[in-house]
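Chains L and X, in that order, give the protein sequences.
So the first sequence is numbered by our numbering: it starts at 27 and just counts up by one.
So the second sequence is numbered by our numbering: it starts at 7 and just counts up by one.
Below you'll find the structure, written out as structure tokens, and then a few comments.
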Amino acid sequence: MQLMKISNWLCEDFFRRDVINVSTAVPNDNLIMERQSSIQVKGGQRKNQLKCDVESIAGCVSQRACVYCGARVVLNPVTDAIHLVHGPIGCASYTWDIRGSLSSGSELYRNSFCTDLKENDIIFGGEKKLARAIDELVEKYESELVFVYSTCVVGVIGDDLEAVCKTAAHKHGIQVLPVQSSGFIGNKSAGYRAACDALLRLIEPPGGARPINSRRPVKSVNYLGDFNLAGEAWIIKDYLKRIGVEVNVVFTGDSNYRDLKKAPEASLNIMQCAGSMSYMARRMEELYSIPSLQISFLGLEDTAASLCKIADFFGEPEMMRRAKELIKEETIAVQPEMERYHEKLAGKKAAIYVGGGFKAISLIKQFREIGINVVMVGTQTGQEEEYQTLHDISDDGTVILDDANPSELERFMTEKGAHLLVGGVKERPLAYKLGVAFIDHNHDRKHPLSGYVGAVNFAREVYSTVCSPVWKYARETGGGLYAAENSELPER
Amino acid sequence: MPRKTANYRNVNENPCNMCMPMGGILPFKGIEEAMVIIHGSQGCSTYMRRHIAEHFNEPIDVGSSSLNEKGTIYGGSQNLFQALDNIRKVYNPRLIGILTSCLAETIGEDVEGMARDYRKKQGLDNFPLVGVPTPGYGGTHSEGYWLALKKMVAALARPTEKHGGINVIVPNLSPADMREIKRILELMDVKYKLLPDISETLDRPIARPYTKIPPGGTRVEAIRCMPGAVATIQFGITVEDNVSPGHYLQSEFGVPLYNLPVPMGVEATDMFVGLLAEITGGSVPGVLKLERGRLLDCMVDSHKYNAQGRGAVFGDPELVCAVVRTCAENGLYPAVVATGSGNSGMKELLDPLLAECGQNVDYLDETDFMRVRTSCRENGVNMAIGHSDGKFLTESEGIPLVRMGFPIHDRVGGQRLLSVGYTGTTNFLDRVTNTLLEHKHKNYRATMYREFYREAGVKKRGCEIR
Ligand code: SF4
Numbered sequence: 027m028q029l030m031k032i033s034n035w036l037c038e039d040f041f042r043r044d045v046i047n048v049s050t051a052v053p054n055d056n057l058i059m060e061r062q063s064s065i066q067v068k069g070g071q072r073k074n075q076l077k078c079d080v081e082s083i084a085g086c087v088s089q090r091a092c093v094y095c096g097a098r099v100v101l102n103p104v105t106d107a108i109h110l111v112h113g114p115i116g117c118a119s120y121t122w123d124i125r126g127s128l129s130s131g132s133e134l135y136r137n138s139f140c141t142d143l144k145e146n147d148i149i150f151g152g153e154k155k156l157a158r159a160i161d162e163l164v165e166k167y168e169s170e171l172v173f174v175y176s177t178c179v180v181g182v183i184g185d186d187l188e189a190v191c192k193t194a195a196h197k198h199g200i201q202v203l204p205v206q207s208s209g210f211i212g213n214k215s216a217g218y219r220a221a222c223d224a225l226l227r228l229i230e231p232p233g234g235a236r237p238i239n240s241r242r243p244v245k246s247v248n249y250l251g252d253f254n255l256a257g258e259a260w261i262i263k264d265y266l267k268r269i270g271v272e273v274n275v276v277f278t279g280d281s282n283y284r285d286l287k288k289a290p291e292a293s294l295n296i297m298q299c300a301g302s303m304s305y306m307a308r309r310m311e312e313l314y315s316i317p318s319l320q321i322s323f324l325g326l327e328d329t330a331a332s333l334c335k336i337a338d339f340f341g342e343p344e345m346m347r348r349a350k351e352l353i354k355e356e357t358i359a360v361q362p363e364m365e366r367y368h369e370k371l372a373g374k375k376a377a378i379y380v381g382g383g384f385k386a387i388s389l390i391k392q393f394r395e396i397g398i399n400v401v402m403v404g405t406q407t408g409q410e411e412e413y414q415t416l417h418d419i420s421d422d423g424t425v426i427l428d429d430a431n432p433s434e435l436e437r438f439m440t441e442k443g444a445h446l447l448v449g450g451v452k453e454r455p456l457a458y459k460l461g462v463a464f465i466d467h468n469h470d471r472k473h474p475l476s477g478y479v480g481a482v483n484f485a486r487e488v489y490s491t492v493c494s495p496v497w498k499y500a501r502e503t504g505g506g507l508y509a510a511e512n513s514e515l516p517e518r
Numbered sequence: 007m008p009r010k011t012a013n014y015r016n017v018n019e020n021p022c023n024m025c026m027p028m029g030g031i032l033p034f035k036g037i038e039e040a041m042v043i044i045h046g047s048q049g050c051s052t053y054m055r056r057h058i059a060e061h062f063n064e065p066i067d068v069g070s071s072s073l074n075e076k077g078t079i080y081g082g083s084q085n086l087f088q089a090l091d092n093i094r095k096v097y098n099p100r101l102i103g104i105l106t107s108c109l110a111e112t113i114g115e116d117v118e119g120m121a122r123d124y125r126k127k128q129g130l131d132n133f134p135l136v137g138v139p140t141p142g143y144g145g146t147h148s149e150g151y152w153l154a155l156k157k158m159v160a161a162l163a164r165p166t167e168k169h170g171g172i173n174v175i176v177p178n179l180s181p182a183d184m185r186e187i188k189r190i191l192e193l194m195d196v197k198y199k200l201l202p203d204i205s206e207t208l209d210r211p212i213a214r215p216y217t218k219i220p221p222g223g224t225r226v227e228a229i230r231c232m233p234g235a236v237a238t239i240q241f242g243i244t245v246e247d248n249v250s251p252g253h254y255l256q257s258e259f260g261v262p263l264y265n266l267p268v269p270m271g272v273e274a275t276d277m278f279v280g281l282l283a284e285i286t287g288g289s290v291p292g293v294l295k296l297e298r299g300r301l302l303d304c305m306v307d308s309h310k311y312n313a314q315g316r317g318a319v320f321g322d323p324e325l326v327c328a329v330v331r332t333c334a335e336n337g338l339y340p341a342v343v344a345t346g347s348g349n350s351g352m353k354e355l356l357d358p359l360l361a362e363c364g365q366n367v368d369y370l371d372e373t374d375f376m377r378v379r380t381s382c383r384e385n386g387v388n389m390a391i392g393h394s395d396g397k398f399l400t401e402s403e404g405i406p407l408v409r410m411g412f413p414i415h416d417r418v419g420g421q422r423l424l425s426v427g428y429t430g431t432t433n434f435l436d437r438v439t440n441t442l443l444e445h446k447h448k449n450y451r452a453t454m455y456r457e458f459y460r461e462a463g464v465k466k467r468g469c470e471i472r
């Protein structure tokens, strides 16, 4: 009897938690004052005035990574390149095979090569060691391309990466590209830029860049900002083929030296991950007159809209007809399953904390497709315009925040009564401990989230966590009955 | 000038270890109400948090002083002070550890001095701030782990009255292992201080309300009174004196030090239990005797299967030694023994033990996985024991891997793996034996067919052979 009562009460408590209104000026019990301008509530201000794209505040336990990380994640999917980290071992260790990027060819990219700098190298400089490392690797592995990433210390001890790479390139007759990614020179976005700079150098035709519009195959596109996690780039390539568009090269999922070299020949750039690739797209437009379209293949709505957008760009009625047909066919195929999930999930509340702004925007739409409202949304590296859009499409009362920390995530998820968080590895245990369901949207996931198959995967994953029976125990009995005993640990 | 040691390399191909501050974080996670900050650029702490979170499946909060270009040029004390302010405000910790990263060390930051300045500035006379210089290039995560412990003891331990307890200092074991060690200590009726104690903090039960710092961990007071103990038992036979907390307690306060191998396997566990009995003058309780008997029974059950194994063991030196000893006791001899640390003395420690096994052992110090892989191939290794990064041995060489140690990031339950004591060893050996058996059963039909079916040129119909 007693037990029944307790669990009933807890059950109601959990599911009927009222939304506590967070006022515009977020109260500051244990929030950090300097962070207030990076947090806002939709409806609180007339327009978006969120502070973003600034450096993290010391001691904030930011969820953000660094410049090197930004560069590494963008370039790593180049499958036949030697990826060499110039620096101490840690950086290379933590990023070894960090992504679930798949390859249809070489597997060389899955190695983590590092100059493994030691005390002596820091004192006397690491240039010679770097040169020897490149020599050794080039001799051992057949590759026409080496990326050399600089890490924190390399920037401080002043190794001339550019010069070493140039000499090595000359010596071996291949391309050796420096990636200027010292950790302290900015945040992850600076790393994206460094990666794009390296890619721009890579694709530059001999003799320098110039618009080469004339010889272009008409319906060939470069697909920017897909890293082929769990085969996503392959899925999209197939869709495009079905509507009559050929993918010239993907940046950088399942790409290789030869294909990347052909990049300037495409007639259009389509861009999925804007955070990492909008700089690239802009530069390619300037250098090679390739226009670009921002698309998104996350969710049914965005996928359909993107396919139409591409067909519309080429202005061919036949292509548009095929696009519409594809959309119809695929939608019909997934509808029954999607509807089932919608039924189960309608009315639940989600929180989003992901890397880039564009992904967050897509996710809000994707959640709506399955009947879920978003009550908190934040990103690590979102840009001003993206936050504007986030603000525009959010419901009143949604908390929007940039560069959040665990303490803020905990607070807003709790206050807003979120049933679900979407995020990366670091956020997962926090959500679980709070009794909040979780779905992965990180680099090393093993299932695709793009396109129609991805939309179903997404919905299925949401369903599998939000509606799992485990919460019945974790939230009610686990947290309730034994809470007092848990906090009283045995004497030491 | 490059060093001319045998292991000096220009390039590391797939690291077998992590950097020093990573190791330094872990012991601070085992101190009650402690927080830790990495003085350096933002990325280091985020990467380490991610790595640790994946292993333990726990929220891992680690501050960063988020050094930027300005801090790098003019010195980072302002950043560090702000970080300390913010961490105190949000987490209200009772102790803060400050580790340095590559960057901070290279620009010459003196964290211990800065900690003193901060204390003075904020009027926090008695607040424990433990600075640990951990340049990423100064050593591996193992050295970082031990150095953090030593600095902690040096910062907190003061002469106290004798209290009859025992200090127990443990390497980077799983929370489940730490619980097992505590259970043995309690069964033996020993008063002890365990350092560090991640048994609850990094394997936290679901409970409400959620607290930002998980309950549990070694109390600050417990470290303060370590000099009053009758003895220190430190599971650290590979630990050098300059980073050994046990050695520090002995040389500064005269606490006798017993450096034991990790209590895994029959002999090492006997050594631990025997020593406890000797120190306390007590006897070994029946429960432990039964568990020992069950371990022996398990070993008898599996020794013949184990004899077919040719092992590769890699990871933190302390754990590698423990695993090799345990396996060898059951007739599973290693062919490759590897660690990313330099100077671990593994060869000297293990050679006498393995002299009898009649098998060549390839010791790889300061190694990377490319060398481990080559050596495994050359030495016909058919099973590997170590952390997750060894998954590439399975992927590329088909060698099955028994996951053990840190980090385990491609499976769940790293925090729940039990491998110490009689019961843990039984558990561990079963995992090893079953992996060997699974491997054998999977390949047996194909292997026999390939080896003995003389008409093998004709493809067997309706059956794909791998
Ligand atoms: S090696 Fe140095 S820069 Fe890299 S993660 Fe470790 S401390 Fe940071």
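Glycine residues also receive a C-beta, built at the ideal position from the N, C-alpha and C atoms.
Close Cβ partners of residue i (< 6 angstroms) along its chain, the five nearest in sequence each way excluded
i, result
"L:Asp147", "Lys155"
"L:Ala372", "Gly397"
"L:Phe277", "Leu250"
"L:Glu363", "Val482"
"X:Lys157", "Val136, Val138"
Residue i - containing alpha helix (DSSP H), residue span
i, result
"L:Asn399", "Segment 399-405 is the beta strand (DSSP E) holding L:Asn399; no alpha helix (DSSP H) there."
"X:Thr441", "427-458"
"X:Gln84", "83-97"
"L:Ser132", "Counting along the chain, L:Ser132 falls outside any alpha helix (DSSP H), and DSSP gives it neither H nor E."
"X:Phe398", "397-403"
"L:Lys9", "Missing from the structure shown is residue 9 of chain L; chain L here goes from 27 to 518 and no further."
"L:Ile115", "115-120"
Residues of its chain near residue i, where Cβ-Cβ distance is below 7 angstroms and the 5 sequence neighbours each way are ignored
i, result
"L:Ser388", "Ser322, Leu324, Gly325, Asp328"
"X:Ile212", "none"
"L:Leu447", "Ala377, Tyr379, Met439, Glu453, Ala457, Val462, Phe464"
"L:Phe484", "Gln392, Leu475"
"X:Gly207", "A small fix is needed here, since residue 207 of chain X is Thr in this sequence, not Gly. So the list reads Lys35, Gly36, Pro220, Gly222, Gly223, once near-sequence residues are dropped."
Range of the contiguous beta strand (DSSP E) that encloses residue i
i, result
"L:Gln206", "Element bounds for L:Gln206: n/a, residue is neither H nor E."
"L:Tyr379", "375-380"
"X:Val117", "Taken as a continuous stretch (DSSP letters only), X:Val117 belongs to no beta strand (DSSP E), being part of the alpha helix (DSSP H) at 117-128."
"L:Glu272", "272-278"
Between the CA atoms of residue j and residue i - distance to the nearest angstrom
i, j, result
"L:Gln406", "L:Arg454", "16 angstroms"
"X:Pro165", "X:Thr244", "27 angstroms"
"L:Ile520", "L:Glu81", "With chain L covering only 27 through 518, there is no way to say anything about residue 520 of chain L."
"X:Gly346", "L:Gly234", "45 angstroms"
"X:Ala328", "X:Tyr254", "23 angstroms"
"L:Leu57", "X:Arg214", "21 angstroms"
"L:Asn54", "L:Tyr120", "At L:Asn54 the pLDDT is 48, less than 50, meaning the model places this residue with poor confidence; the figure from the coordinates comes in the next sentence. Between L:Asn54 and L:Tyr120, the C-alpha separation is close to 35 angstroms."
"L:Val48", "L:Gly408", "For L:Val48, the predicted model reports a pLDDT of 39, less than 50, meaning its position is unreliable; a value from the coordinates is still stated below. Their Cα atoms are separated by approximately 22 angstroms."
"X:Ala361", "X:Glu118", "46 angstroms"
"L:Ile124", "L:Asp421", "35 angstroms"
"X:Ile229", "X:Ala163", "6 angstroms"
Neighbourhood of residue i by C-beta, 8 angstroms cutoff - its chain only, sequence neighbours within 5 removed
i, result
"L:Ala349", "Ile269, Leu333, Cys334, Ile336, Ala337"
"L:Ser281", "Pro103, Val104, Thr105, Val275"
"L:Ile419", "Ile387, Ile390, Lys391"
Determine contact between the stretch 292-311 of chain L and the stretch 352-365 of chain L, defined as no fewer than three beta-carbon pairs at a distance below 8 angstroms. no
Using 8 angstroms as the cut-off, can you tell me whether the stretch 259-271 of chain X makes contact with the stretch 230-244 of chain X, which would need three or more C-beta pairs spanning the two stretches below that distance? yes
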